[in-house]
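Below is one structure, written out as structure tokens; the observations come after it.
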Amino acid sequence: MGKLLKTFTYIDTAAELAAACEVLSRAAVLCVDTEFHRESTYYAEFALIQVASREACYLIDPIGLEDLQPLWKLMLDPDILKVFHAARQDVEIIVNKTGKLPLPLFDTQVAAALLGYGQQVGFGNLVQKVVGKTLPKGESFTNWMKRPLTDDQLTYAADDVIYLMPVYQHLSERLQAEKRAEWLAEEQSVLCEPDTYANQPDQQFWRVKGFNKLKPRQLAVLRELAAWREIQAQKRDIPRRRLLQDEPLLSLARKSELREEQLEQIRGLNSGISKRFGAEIIAAWQRGHDCDKEYWPRIPPQPNHSEGTEMRMELLMTLVRLRAEEVEIASNILASRSDVAALASWANHGSKKDWANPPENPCLHGWRRKLVGEDLLSMLQGNLCLRLDPVTRMPIVDKPASASDL
136 MGKLLKTFTY IDTAAELAAA CEVLSRAAVL CVDTEFHRES TYYAEFALIQ
186 VASREACYLI DPIGLEDLQP LWKLMLDPDI LKVFHAARQD VEIIVNKTGK
236 LPLPLFDTQV AAALLGYGQQ VGFGNLVQKV VGKTLPKGES FTNWMKRPLT
286 DDQLTYAADD VIYLMPVYQH LSERLQAEKR AEWLAEEQSV LCEPDTYANQ
336 PDQQFWRVKG FNKLKPRQLA VLRELAAWRE IQAQKRDIPR RRLLQDEPLL
386 SLARKSELRE EQLEQIRGLN SGISKRFGAE IIAAWQRGHD CDKEYWPRIP
436 PQPNHSEGTE MRMELLMTLV RLRAEEVEIA SNILASRSDV AALASWANHG
486 SKKDWANPPE NPCLHGWRRK LVGEDLLSML QGNLCLRLDP VTRMPIVDKP
536 ASASDL
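Shown next as structure tokens:
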């Protein structure tokens, strides 16, 4: 493990930023973290941006800087690897600011899951396990927009990237040694796709709490209402639920007809909203109500738990746990219980199966398919079985006995 940095430099002028980015541009790997604020806005705002190479650590204050272009040039440099922990939100904000992805990237939380550190392991826990250092947690929920930042806040922020470097080095070396680098590439593929960060207003209704209790036509109405709310929240840069909570959206979607005088009777839809946006809300409701039946959203059917499904699922889960133990990762990273349940349900005896074309399922893709997916299908076809080892009394995977063996 390389030598840890002991100091950091605070950046709040254009000249300092230019000098810092010149130093950082010579690095092959940069560790990146951010502190941001989004409680009162739709779009998250950076409160602090921490960037470290192996030689230097900088805390960049975006509040005091009008132009962050030198930093964005670094983030978008294809020759520099950007390392994050739990990258999704940081990357999303960078995409919103620049319109581009900070590629290539390395997410230590994803990598750690593939090496047995558990699913969604926190950064502090990972540092403790890899470096043996306990990081203070006291500044996690402080006000990062308030200036000046305290010495404790600055030290906390710097530690997040100073210790990210040795964590990255350790995980990267292990991934290579255990031949799991391709696993990481597969797992991170969603983080590296622009569509992951594309806001689709017409898909926001799936995020409304209680959508699953609506009928298809009501879902069509909810789709239009939620899309309207999303677009308005973006225009005004306010949280969507500050504009209009989920509950009145559901109440509106359930209406069989809607007139302007009815709006103020809906709980959670105050007179200010109804007067200002009443015509737009009614227009959105009408678009959904008039939507052709063939375009109504459909909630995917739940797996049909036919006779034997539960027993099949438990057998399959035992196989998943065995394979997970072999590679020392958590079983739910290899295959979730819901994914296994879907396979077990599909394999009921009541219909013919196209085993060469099973249904879409995460555990039948990429490294998961090689590690456990093919064996799950083989077990469902009766070509693999579980038995107890006569010595260890532990479950093992075996071929089923033939008639001549009986």
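The letter at position 298 of the sequence shown is residue 433 when you use my numbering, and the numbering goes up by one with no holes. Cβ coordinates follow ideal geometry from the N, Cα and C atoms, glycine included. Predicted model only: the values in this text are computed from it and were never measured.
Return the chain-ordered ranges of every beta strand (DSSP E) run that is complete within the region 142-215 and spans a minimum of 3 residues. List check, beta strand (DSSP E) in window: 144-146, 164-172, 180-187 and 192-195.
Nearest candidate by alpha-carbon position, reference Ser175, set Leu378, Ser188 and Gln263: Counted from its first residue, the sequence shown places residue 175 at position 40. Considering only alpha carbons, the answer is Leu378.
Could you tell me the boundaries of the beta strand (DSSP E) in which Arg282 lies? Here the question's residue 282 lines up with position 147 in the sequence shown. Under the DSSP assignment, Arg282 falls outside any beta strand (DSSP E); it carries neither an H nor an E label.
Val218, DSSP secondary structure in three states: For the purposes of this step, residue 218 is identified with residue 83 of the sequence shown, where counting begins at 1. The answer is strand: DSSP assigns Val218 an E or B state.
Should Val455 be listed as close to the ligand FMN, given that the test is whether its C-beta is under 7 Å from any heavy atom? In the structure shown, the ligand FMN is absent, as is every other ligand, since no ligand is present at all.
For Ala248, which option in Asp337, Ser466, Asn347 and Pro374 has the closest C-alpha, if you only look at C-alpha atoms? One-based indexing of the sequence shown puts residue 248 at position 113. With distances taken between Cα atoms, Ala248 lies closest to Ser466.
Among Ala333, Leu261 and Asp287, which has the Cα closest to the Cα of Met300? Walking along the sequence shown from the start, residue 300 turns up at place 165. Comparing Cα-Cα distances from Met300 to each of Ala333, Leu261 and Asp287, the minimum goes to Leu261.
Simplified DSSP assignment, three categories, for Ala538: Here residue 538 corresponds to residue number 403 of the sequence shown, with the count starting at 1. Confidence is the limiting factor: at Ala538 the pLDDT is only 45, short of 50, which leaves the residue's position unreliable, though a coordinate-based value still follows. In the structure shown, Ala538 sits in a helix (DSSP, three-state: H, G or I).
Under a Cβ-count criterion, where at least 16 other Cβ atoms within 10 Å of its own Cβ denotes burial, should Ile434 be classed as buried or exposed? Residue mapping note: residue 434 aligns to position 299 of the sequence shown, counting from 1. The residue in question, Ile434, is exposed, as its Cβ has fewer than 16 Cβ neighbours within 10 Å.
Indicate whether the contact test is met: 3 or more Cβ pairs, each with one atom in the region 216-226 and one in the region 196-207, closer than 8 Å. At 8 Å Cβ cutoff, the stretches do not touch.
Helix, strand or coil at Cys426 according to DSSP, with G and I counted as helix: Here residue 426 corresponds to residue number 291 of the sequence shown, with the count starting at 1. In this structure, Cys426 counts as coil in the three-state DSSP scheme.
Using a Cβ-Cβ cut-off of 7 Å (strictly less than) and excluding sequence neighbours within five positions of Thr548, which residues of its own chain qualify? Residue 548 cannot be examined here, being either before or after the span of the chain that is shown, 136 to 541.
Own chain residues within Cβ distance below 7 Å of Ala482, not counting five before or after: Position 347 of the sequence shown, counting from 1, holds the residue named residue 482. Within the same chain, Ala482 has close Cβ partners Arg447, Lys488 and Leu515.
Taking 8 Å as the cut-off, decide whether the C-beta atoms of Asn496 and Ala477 are in contact. On the sequence shown, residue 496 is found 361 positions in, with the first residue counted as 1. On the sequence shown, residue 477 is found 342 positions in, with the first residue counted as 1. Taking C-beta atoms as the reference points, Asn496 and Ala477 count as a pair closer than 8 Å.
Go to Asp533, then tell me how far its beta strand (DSSP E) extends in each direction, as first and last residue. Position 398 of the sequence shown holds residue 533. Segment Pro530 to Asp533, the beta strand (DSSP E) holding Asp533.
On the three-pair Cβ rule with 8 Å, is the region 322-330 touching the region 283-297? Flag = no, the region 322-330 and the region 283-297 do not touch.
Report buried or exposed for Thr243, applying the criterion of at least 16 other Cβ atoms within 10 angstroms of its Cβ. Along the sequence shown, one-based indexing puts residue 243 at 108. Residue burial annotation: Thr243 is buried, with at least 16 other C-beta atoms found within 10 angstroms of its C-beta.
Closest Cα partner of Asp427 within the set Lys235, Pro351 and Ala362: One-based indexing of the sequence shown puts residue 427 at position 292. For the residues Lys235, Pro351 and Ala362, the minimum Cα distance to Asp427 belongs to Pro351.
Keeping to the same chain, check which residues put their C-beta closer than 8 Å to that of Asp474; ignore five residues upstream and five downstream. Taking the sequence shown and counting its residues from 1, the one referred to as residue 474 is at position 339. Setting aside the 5 residues that flank it on each side, Asp474 is surrounded in the same chain by Asn496, Pro497 and Cys498, each with a C-beta closer than 8 Å to its C-beta; the list follows chain order.
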